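The next block holds one structure in the form of structure tokens; read it before the comments.
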Amino acid sequence: MLLRSIFLKEWLKIRWFWFVALALNLGILVYLFIDIRHQFQVEHSEMIWYWVFELRRLLYTEIKYIPAITGAMLAAAQFAPEMINGRFRLSLHLPLRNELLVGSWVLFGAIMSGLLALIDAIGLYFIVLTWFPQEAAVSAVLTALPWFLGGWVAYFGATLVLLEPQPLRRLTYLGLSIAFMSILFLEKGYQEYDRVILVLSACALLFVPAIMLPAHRYRHRN
Amino acid sequence: MNHAIEVDSLSHNYGDRVIYENLSFSVPTRKVVALLGKNGVGKTTLIRILMGFLRPSGGQCKVLGEASHKLTAANRERIGLLFEGHLTYDLMTIEEIERFYRPFYSNWRSELYYDLVDRLKLPNSHRICNMSCGQRSQVVLGLIFAQSPELMILDDYSMGLDAGYRRLFLEYLDNFIGEGDKTVFITSHVVQDMEDLVDEVIFLQRGGKILQMPLDEFRTKFRCHSFEMEASSKTPSSDQLITNVDIHERRPVIYSFASKDQLSEHLSVHWPGVKLMHDIPMSLEDAFIGLTGKY
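If you're matching them up, the sequences are chains A and B in order. Start counting the first sequence at 1; every next residue gets the next number (the numbering used here). Start counting the second sequence at 1001; every next residue gets the next number (the numbering used here).
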């Protein structure tokens, strides 16, 4: 019941932003579909095959920054209202352990942004599968994995920046998040992160407990 | 437990500005205690410290027997807290906010909430952000009542409320207190509202100097006397017996906790030529100004 109640409030906060993000993500997928179809109409299939498999040119970079934009947008929708007029205090006064409360918030946000990333991944898979063999569709999703991880980092990074009461730490979190994200967008070809994606994912998981620190500092300011 | 709130040797400062130094007081259980003070004396700061949202520079505060900065969830359930400006989740509707809070409180009483908000004659789908200050105050108070807390801490409930909403707020609060076993710690700028509501008053002054006493005792002991003085006499000023002097009134007045006889004798020794005239009846607001000064 408590979780349902917490999720209700979070949903009320982000619902319009989430639908806008959904429209944005679906719009990009539609655009990607039309773009690839257009390329197959104006070029010989052999030429596109040559681009993709010989020159290793990525055909779906339109989707690259969308998870990051979505993640940051959802974090802002979720946590900016908590910071206005110090509404965060209302939540911290609820009879629930603060770690559980904040953990539930980010769980909800991570689920909702993860849902959009899942839609992107499934959409990308089937779009690529329309013209290419299944191996290429799987490869497309694996290639896009660091971008989806970038969405996760953008969500947690923006959350940290918004919740943190101390300006200097806020800047530090912003710098760390941008630095981490820049690592995730360095690829020039297919599946270049295959060997490090698990390590990077494990590092990104550190953002989850880190969220508890600003909440604790918010409560115990001098 | 005899005291719902215990403040012991509390000190706090913002940079070089000292807000309190060795502030100590307590709020007895089942009493309504008002914290009164002029703007900027640190009333809201004190509430923030009591609720653990601010770490004091020194001393300690206990709320329902627990250190205020370590309040457990179980104790937070027993405390109804009204934040300044009737802060709430105003993105929600009347119905949504009740549904949100309900599962958190084991003694939740929806009927108290709806009894109050139904008077607004608004649909339950009405958003709080589209309400006036007064309407929002009803929603917030309804939520606190529904929580059925043992201790209510109300920070400046009167902010933004017109006389009608203030009166309604106080009537409901009075009825709620009448149910028994309730402790209320309240701050307000509207001192006259406290006259029929509170058992004790705490006057907080700049630097953390306080005066705490039962309201009846304060009203009996704290007096205002007009005075006249000879042209050659010096104007009296505050000392160990004279609390305050106001010469800007139509008639110059002296405020004091001393009896008229004691004060007359004191004046004849220390301020010759100054003669007490009449006792001037005071409202609580007059007495508050007499005690803390106008400026």
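The C-beta atom is built at its ideal place from N, Cα and C for all residues, glycine as well. Every value quoted in this text rests on a predicted model; they were computed, and no experiment measured them.
Notebook entry, point to check: Would you say S5/A reaches chain B, if we count a Cβ-Cβ gap shorter than 8 Å as a contact?
Noted result: Along the first sequence, one-based indexing puts residue 5/A at 5. Taking Cβ atoms only, chain B reaches closer than 8 Å to S5/A, which makes this a yes.
Next item on the list: Using beta-carbon positions only, say whether L1154/B and G1042/B come within less than 8 Å of one another.
Entry: Here residue 1154/B refers to the residue found at position 154 when the second sequence is read from its first residue. Here residue 1042/B refers to the residue found at position 42 when the second sequence is read from its first residue. No.
Note to self: Which residue wins for smallest C-alpha separation from S1232/B, given the options V1201/B, V1253/B and P1272/B?
What the structure shows: Sequence index remark: in the second sequence, residue 1232/B carries index 232 (1-based). Among V1201/B, V1253/B and P1272/B, the Cα nearest to that of S1232/B belongs to P1272/B.
Notebook entry, point to check: DSSP three-state call for L1122/B: helix, strand or coil?
Noted result: Mapped onto the second sequence, residue 1122/B falls at position 122. In this structure, L1122/B counts as coil in the three-state DSSP scheme.
Check: Exposed or buried, what is E1098/B when buried is set at 16 or more other beta-carbons lying within 10 Å of its beta-carbon?
Finding: Taking the second sequence and counting its residues from 1, the one referred to as residue 1098/B is at position 98. Its Cβ being crowded by 16 or more others within 10 Å, E1098/B is buried.
Check: Hey, A1004/B and T1183/B are a contact pair by Cβ (cut 8 Å); roughly how many whole angstroms apart?
Finding: For the purposes of this step, residue 1004/B is taken as residue 4 along the second sequence, with counting starting at 1. For the purposes of this step, residue 1183/B is taken as residue 183 along the second sequence, with counting starting at 1. About 4 Å; that satisfies the 8 Å criterion.
Margin query: Which same chain residues end up closer than 7 Å to E1179/B when comparing Cβ atoms and leaving out the 5 residues on each side of it in sequence?
Written below: The sequence position of residue 1179/B within the second sequence is 179, counting from 1. If we look at E1179/B and ignore the five residues flanking it on each side, it has no Cβ neighbours.
Next item on the list: Might you give, ordered along the chain, the residues of its own chain that have their beta carbon closer than 6 Å to the beta carbon of A68/A, omitting 5 neighbours on each side?
Entry: Mapped onto the first sequence, residue 68/A falls at position 68. Cβ neighbours of A68/A beyond the five flanking positions: G150, G151 and A154.
Item checked: Range covered by the alpha helix (DSSP H) that runs through N1075/B -> In the second sequence, residue 1075/B corresponds to position 75, counting from 1. Its alpha helix (DSSP H) spans residues A1073 to E1077.
Next item on the list: Tell me, please, which residues DSSP counts as bridged to L1081/B.
Entry: The residue given as residue 1081/B occupies position 81 in the second sequence. Per DSSP, I1153/B.
Notebook entry, point to check: With 8 Å set as the bound, which would you pick, yes or no: does the beta-carbon of M73/A sit closer than that to a beta-carbon of chain B?
Noted result: Counting from 1 along the first sequence, the entry for residue 73/A is found at position 73. By this cut-off, M73/A is not an interface position.
Next item on the list: Quick one: which unbroken alpha helix (DSSP H) runs of 4-plus residues sit fully inside the segment 88–160 of chain A? Chain order, please.
Entry: 88–92 and 98–131
Note to self: Please state whether the Cβ-Cβ distance between V1140/B and H1086/B is less than 8 Å.
What the structure shows: As a first step, residue 1140/B must be located in the second sequence, where it is residue number 140. As a first step, residue 1086/B must be located in the second sequence, where it is residue number 86. A contact, by the Cβ cut-off of 8 Å.
Next item on the list: Using three-state DSSP, classify D1008/B as helix, strand or coil.
Entry: Indexing the second sequence from 1 puts residue 1008/B at position 8. Strand, per DSSP.
Note to self: Under DSSP, the alpha helix (DSSP H) around T1220/B begins and ends at which residues?
What the structure shows: Counting from 1 along the second sequence, the entry for residue 1220/B is found at position 220. Its alpha helix (DSSP H) spans residues L1215 to K1221.
Notebook entry, point to check: According to the neighbour-count rule (16 or more other Cβ atoms, all chains shown, within 10 Å of its Cβ), is S1259/B buried or exposed?
Noted result: Within the second sequence, residue 1259/B is the residue found at index 259, counting from 1. S1259/B should be labelled exposed.
Notebook entry, point to check: V1325/B bridges to which residues according to DSSP?
Noted result: Absent from the model: residue 1325/B. The displayed extent of chain B is 1001 to 1295, so no value can be given.
Check: Which residue comes first and which comes last in the alpha helix (DSSP H) that contains C1129/B?
Finding: As a position in the second sequence, residue 1129/B is number 129, starting the count at 1. Neither: C1129/B is in no alpha helix (DSSP H) and is coded neither H nor E.
Checklist line | Beta-carbon proximity check, L162/A vs M83/A, cutoff 8 Å | finding: Residue 162/A sits at position 162 when you count from the first residue of the first sequence. Residue 83/A sits at position 83 when you count from the first residue of the first sequence. For L162/A and M83/A, yes; Cβs fall inside 8 Å.
Next item on the list: Can you tell me which of I1186/B, V1063/B and E1095/B puts its alpha carbon nearest to the alpha carbon of H1126/B?
Entry: As a first step, residue 1126/B is located in the second sequence; it is residue number 126 there, counting from the start. For the residues I1186/B, V1063/B and E1095/B, the minimum Cα distance to H1126/B belongs to E1095/B.
Notebook entry, point to check: Does DSSP put Q1212/B in a helix, in a strand, or in coil?
Noted result: Your numbering for residue 1212/B matches position 212 in the second sequence. Strand.
Notebook entry, point to check: Is any beta-carbon of chain A found at less than 8 Å from that of P1123/B?
Noted result: Against the second sequence, residue 1123/B aligns to sequence position 123. No - not a single Cβ of chain A is within 8 Å of the one on P1123/B.
Notebook entry, point to check: How about P81/A: is its C-beta nearer than 8 Å to some C-beta of chain B?
Noted result: One-based indexing of the first sequence puts residue 81/A at position 81. With 8 Å as the cut-off, P81/A counts as an interface residue toward chain B.
Check: Is it right to say E164/A is buried, meaning 16 or more other beta carbons lie within 10 angstroms of its own, or is it exposed?
Finding: Counting from 1 along the first sequence, the entry for residue 164/A is found at position 164. Its Cβ being crowded by 16 or more others within 10 Å, E164/A is buried.
Next item on the list: Closer than 6 Å by C-beta to H29/A: which residues in its own chain qualify, once you throw out the five before and the five after it? Chain order, please.
Entry: For the purposes of this step, residue 29/A is identified with residue 29 of the first sequence, where counting begins at 1. Note on identity: in this sequence residue 29/A is Leu, with His being the wrong assignment. Only G123 meet the Cβ criterion.
Note to self: My output table needs one value for T1045/B: the three-state DSSP class, helix, strand or coil.
What the structure shows: Here residue 1045/B corresponds to residue number 45 of the second sequence, with the count starting at 1. Correct three-state label for T1045/B: helix.
Next item on the list: Would you mind telling me which residues of chain A sit closer than 7 Å to L1054/B, beta carbon to beta carbon, in chain order?
Entry: Along the second sequence, read from residue 1 onward, the residue named residue 1054/B stands at position 54. Neighbours of L1054/B on chain A, chain order: R221.
Next item on the list: With DSSP as the reference, label K1070/B as helix, strand or coil.
Entry: Here residue 1070/B corresponds to residue number 70 of the second sequence, with the count starting at 1. Helix.
Notebook entry, point to check: CA-CA distance, A1074/B and S1158/B?
Noted result: Here residue 1074/B refers to the residue found at position 74 of the second sequence. Here residue 1158/B refers to the residue found at position 158 of the second sequence. Computed Cα separation, rounded: 29 Å.
Notebook entry, point to check: Since M112/A meets chain B, which of its residues come closer than 7 Å, beta carbon to beta carbon?
Noted result: The residue given as residue 112/A occupies position 112 in the first sequence. Ordered by position in chain B, no residue passes the 7 Å Cβ test against M112/A, which lies about 16 Å from the chain.
Next item on the list: Find out if the Cβ-Cβ distance for the pair D1279/B, R1223/B is shorter than 8 Å.
Entry: The residue you call residue 1279/B lines up with position 279 of the second sequence. The residue you call residue 1223/B lines up with position 223 of the second sequence. Yes, these two residues count as a Cβ contact at 8 Å.
Margin query: Along the chain, where does the alpha helix (DSSP H) containing M47/A start, and where does it finish?
Written below: If you number the first sequence from 1, residue 47/A lands on position 47. That run of the alpha helix (DSSP H) goes S45 to W49.
Note to self: Going by DSSP in three states, N1022/B sits in which element: helix, strand or coil?
What the structure shows: The sequence position of residue 1022/B within the second sequence is 22, counting from 1. If DSSP states are grouped into helix, strand and coil, N1022/B belongs with the strands.
Notebook entry, point to check: Taking the alpha carbon of Y1105/B as the point to measure from, which residue in H1069/B, Y1114/B, I1144/B and T1093/B has its own alpha carbon closest?
Noted result: Here residue 1105/B refers to the residue found at position 105 when the second sequence is read from its first residue. Out of H1069/B, Y1114/B, I1144/B and T1093/B, I1144/B has the C-alpha closest to the C-alpha of Y1105/B.
Check: Can the beta-carbon of R89/A be found less than 8 Å from the beta-carbon of F1053/B?
Finding: The count along the first sequence starts at 1 and reaches residue 89/A at position 89. The count along the second sequence starts at 1 and reaches residue 1053/B at position 53. Yes. Within cutoff.
Check: Should K9/A go down as buried or exposed, given a rule of 16 or more other Cβ atoms within 10 Å for buried?
Finding: The residue given as residue 9/A occupies position 9 in the first sequence. Under this definition K9/A is a buried residue.
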